[in-house]
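Okay, so the sequence shown: first residue is 0 according to numbering that gives the first Met the number 0, each after it adds one. Glycine included, every Cβ here is placed at the ideal spot set by N, Cα and C. Everything below concerns the one structure shown next.
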Amino acid sequence: MNDLSKQLYESELLLKHLIDSSYDGIYITDGNGLTTWYNKAFLRISGLTPAQLDGHTVFQLLENGWLPNSVVAEAIQKQKTVTSLIHYFNGSEGLISATPVFDDAGHLLRVIANVRDLTELNELKRQLDETRALNEGYRQTLQEVQSAELEGGQMIYRSHAMEKIISLANKIASTDTPILILGESGVGKDVLAKYIHSISERHDKGTFVKVNCGAIPEHLLESELFGYEPGAFTGAGRRGKAGLFEVANKGTLFLDEIGEMPLSLQVKLLGVLQDMEIQRLGGTKPIPIDVRIIAATNAHLETLIQEKRFRKDLYYRINVLTIQVPPLRERKDDVVALLMHFLNQFNEKYRTNKILTSSAIDKLLAYEWPGNVRELKNMVERFILTSDKDSIDEHQLPFNLLSFHRTSSAIVNEQDFTHSYQRKKLKELLNDHEKQILSWYLSKYRPLKRCAETLGIDLATLVRKKKKHGL
């Protein structure tokens with residue numbers, strides 16, 4: 000007898016664990032509809048509490064307004080299995096099937112209801128559909144970007160502004176006239192310079208040499224540019240060294256951040272542009288060169304001229320052909336193209352397969368990108384490396400980008416207050432703001448449970464406020 004009791008106890012315990020581990024909700028009543036059993040999943044899906052269920056019949060749940068309808072009650076009344084959709088007050092949707100159980104005499108013993116959570120299934124389906132749509136969009140975008148790459152080396156663009164710049168670059172690439180590229184830091188001035196060299200005749204004759212005038216100390220920059228003869232100064236090599244002008248002979252010398260070049264070297268550069276010859280430090284013989292000069296800066300050279308920090312004659316010499324590269328915030332069409340390009344690049348580099356959700360792309364498109372393309376590239380690499388999921392949503396974006404949106408929202412709200420709310424009472428103002436806040440969160444966070452958690456309120460409060468504001 001003890002063994003039988005032990006077996007019954009173990010069987011009951013196993014049954015309890017099986018029911019509780021089920022992802023579907025399970026709810027059981029006796030023949031009169033009195034609650035006898037339920038699992039954790041049923042509480043999660045229905046939003047009901049043990050206090051509401053314990054000791055109550057399904058009919059009482061209906062009378063108390065805790066259930067919108069009851070398939071279990073219908074199964075008791077009809078004495079047969081009933082299946083239906085149910086929309087719980089917590090916002091979740093379920094497919095519930097209630098099955099009556101009879102004894103040998105045909106008396107109703109209990110009703111067993113199984114609830115499948117359709118809210119999460121619908122959300123997963125929505126995410127899957129969104130991912131498929133994104134993948135298709137990525138595929139089409141990558142095709143467009145790749146065609147742009149084919150025509151433009153490493154120039155990744157889709158905007159009309161960049162199309163005009165590339166068109167101009169194509170026209171002037173075949174000339175030897177100096178080019179001045181202007182634009183904020185990170186817009187891709189060096190990439191444009193490389194592109195111009197790559198489509199010019201100099202590409203097959205010489206090399207592209209880049210020197211950052213602001214990164215090399217003044218006392219070293221001269222020897223780097225013009226080279227030196229043996230023994231020209233203390234520490235000079237025995238065999239001397241060719242300068243970057245000689246290295247770039249027949250090719251292109253790109254002088255980045257030319258606004259940082261010391262005045263003493265500006266004089267020598269002007270002489271090189273006029274005579275097309277250089278003289279090494281410690282040397283006595285001029286060396287003829289054939290170099291195309293492309294200069295770039297993020298500074299206002301006119302201001303530097305007024306401050307006596309940049310020579311006017313050199314400015315006129317290099318400012319024959321000027322290209323102004325607009326910042327990334329003024330060419331939003333390029334943002335998506337660049338995102339796809341760098342996603343593809345870093346996915347391949349780190350052997351990942353990560354994508355951006357539409358909500359993340361919306362945030363990235365709204366961002367001002369003060370660091371331009373360089374910032375975008377670094378940001379993509381960062382969330383490729385740090386994201387735990389293959390699908391990167393807005394919540395996984397860097398803090399500075401999210402804080403930008405909070406700041407922007409604050410500015411908009413302040414403007415709204417100034418124009419619309421000055422004559423309203425405090426209660427009206429609070430009510431209006433609560434509705435705006437709820438509307439925004441409800442549009443961004445699904446299901447309702449996640450929205451409530453994000454707002455820091457319980458689900459019942461959210462449902463009540465949602466109904467109050469007609470949302």
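Does the contact criterion of 3 or more C-beta pairs under 8 Å hold for the stretch 250-259 versus the stretch 290-297? Yes: the two stretches touch, three or more of their Cβ pairs being nearer than 8 Å.
H159: first and last residue of the uninterrupted alpha helix (DSSP H) it sits in: Here the alpha helix (DSSP H) through H159 covers H159 to I171.
Tell me where the alpha helix (DSSP H) around G270 begins and ends. Per DSSP, G270 belongs to the alpha helix (DSSP H) from L262 to D274.
Where do the ends of the beta strand (DSSP E) carrying A294 lie? For A294, the enclosing beta strand (DSSP E) covers residues R291 to T296.
Is it the case that the stretch 67-76 contacts the stretch 95-108, given that we only count it when at least three CB pairs across the two stretches are under 8 Å? Taking a cut-off of 8 Å for Cβ pairs, the stretch 95-108 and the stretch 67-76 touch, as three or more such pairs fall below it.
Looking only at its chain, what residues have a beta carbon closer than 7 Å to the beta carbon of V372, apart from the 5 residues adjacent to it on each side? These residues qualify, in order along the chain: G185, V186, G187, L327 and L337.
Opening and closing residue of the beta strand (DSSP E) in which K324 lies: A small correction: the amino acid at residue 324 is Val; Lys does not occupy that position in the sequence shown. Per DSSP, V324 belongs to no beta strand (DSSP E) and is neither H nor E.
Rounded separation between Q305 and I322 - CA only: For the pair Q305 and I322, the Cα-to-Cα distance works out to about 22 Å.
Does the beta-carbon distance from P67 to I85 come in below 8 Å? Their beta carbons are under 8 Å apart, which means P67 touches I85 by this criterion.
Beta-ladder partner(s) of V475, from DSSP: Look at the range of the chain in this structure, 0 to 470, and you will see that residue 475 is not part of it.
Contiguous beta strand (DSSP E) assignments of at least 3 residues, all confined to the stretch 28-93: Listed in chain order, the complete beta strand (DSSP E) runs (minimum 3 residues) inside the stretch 28-93 are 34-37 and 81-86.
Does the stretch 24-41 come into contact with the stretch 109-127, if we say contact requires no fewer than three beta-carbon pairs (one atom in each stretch) closer than 8 Å? The stretch 24-41 vs the stretch 109-127: in contact.
Local conformation of D19 per DSSP, three classes: Note: D19 maps to helix in three-state DSSP.
Skipping 5 residues on each side, what residues in its chain have a beta carbon closer than 8 Å to that of R238? Contacts found: P229.
Distance between A365 and A359 (C-alpha atoms, nearest Å): About 10 Å.
Alpha carbon of H16 to alpha carbon of Y37, nearest angstrom: C-alpha of H16 to C-alpha of Y37: approximately 12 Å in a straight line.
Would you mind working out which of E92, V190, H106 and G282 sits nearest L117, comparing C-alpha positions? Of the listed residues, the one whose Cα sits closest to L117 is E92.
Have a look at D203, F207, E183 and L269 and flag the residue whose alpha-carbon is nearest the alpha-carbon of A192. For A192, the nearest C-alpha among the options comes from F207.
Helix or strand or just coil, what does DSSP make of S146? Note that S146 scores a pLDDT of 42, beneath 50, so its modelled location is shaky; the value from the coordinates is reported in the next line. Correct three-state label for S146: helix.
What does a CB cutoff of less than 8 Å around M275 pick up in its chain, not counting 5 residues either side in sequence? For M275, where only same-chain residues beyond five positions count, the Cβ hits under 8 Å are P287, I288, D289 and V290.
Please report the distance separating the alpha-carbon of D387 from that of T351. Looking at the two C-alpha atoms, the distance is approximately 11 Å.
Would you report the Cα separation of E223 and G281, rounded to the nearest angstrom? Separation of E223 and G281 (C-alpha to C-alpha, rounded to the nearest whole angstrom) is 13 Å.
Closest by C-alpha distance to N430, when choosing among E9, L313, A40 and K464: Looking only at E9, L313, A40 and K464, the smallest Cα-Cα distance to N430 is reached by K464.
Pick out the complete alpha helix (DSSP H) segments inside the stretch 322-391, 4 residues or longer, and give them in chain order. Entirely contained in the stretch 322-391, the alpha helix (DSSP H) runs reaching 4 residues are, in chain order, 332-349, 357-365 and 371-385.
If G226 sits next to E256, beta carbons under 8 Å apart, how far is it from one beta carbon to the other, in whole angstroms? Actually they are not in contact, since the Cβ atoms of G226 and E256 sit about 21 Å apart, beyond 8 Å.
Thinking just about the alpha-carbon of each residue, which of Q51, D19 and D53 is nearest to the one in K39? Checking every option, the nearest Cα to that of K39 belongs to D19.
Whole angstroms are fine: how far does the CA of K331 sit from the CA of S357? Each residue's Cα considered, the two are about 15 Å apart.
C-beta atoms of G213 and E183 nearer than 8 Å: Taking 8 Å as the cut-off, the beta carbon of G213 is found no closer than this to the beta carbon of E183.
Of the residues Y8, E374, E393 and L342, the one placed nearest L384, counting alpha carbons only: Ranking Y8, E374, E393 and L342 by Cα distance to L384 puts L342 first.
Between which two residues does the alpha helix (DSSP H) containing I195 stretch? I195 -> alpha helix (DSSP H) spans K188 to S197.
Could you give the C-beta distance for H106 and G54, rounded to a whole number, given that I count them as a contact under 8 Å? Rounded to whole angstroms, the Cβ separation of H106 and G54 is 23 Å, and the two are not in contact under 8 Å.
Excluding the 5 residues flanking A298 on each side, which residues of the same chain have their C-beta closer than 6 Å to its C-beta? Only G258 meet the Cβ criterion.
Going by beta-carbon coordinates alone, are D312 and I354 separated by less than 8 Å? For D312 and I354, no; Cβs fall outside 8 Å.
For G258, three-class secondary structure by DSSP: Of the three classes helix, strand and coil, the one that applies to G258 here is helix, per DSSP.
Measure the Cβ-Cβ separation of A160 and E329 and say whether it is below 8 Å. With contacts defined as CB atoms closer than 8 Å, A160 and E329 qualify as a contacting pair.
Under the three-state DSSP convention, the category G304 falls into: The sequence as given places Ile at residue 304; Gly does not occur at that position. Correct three-state label for I304: helix.
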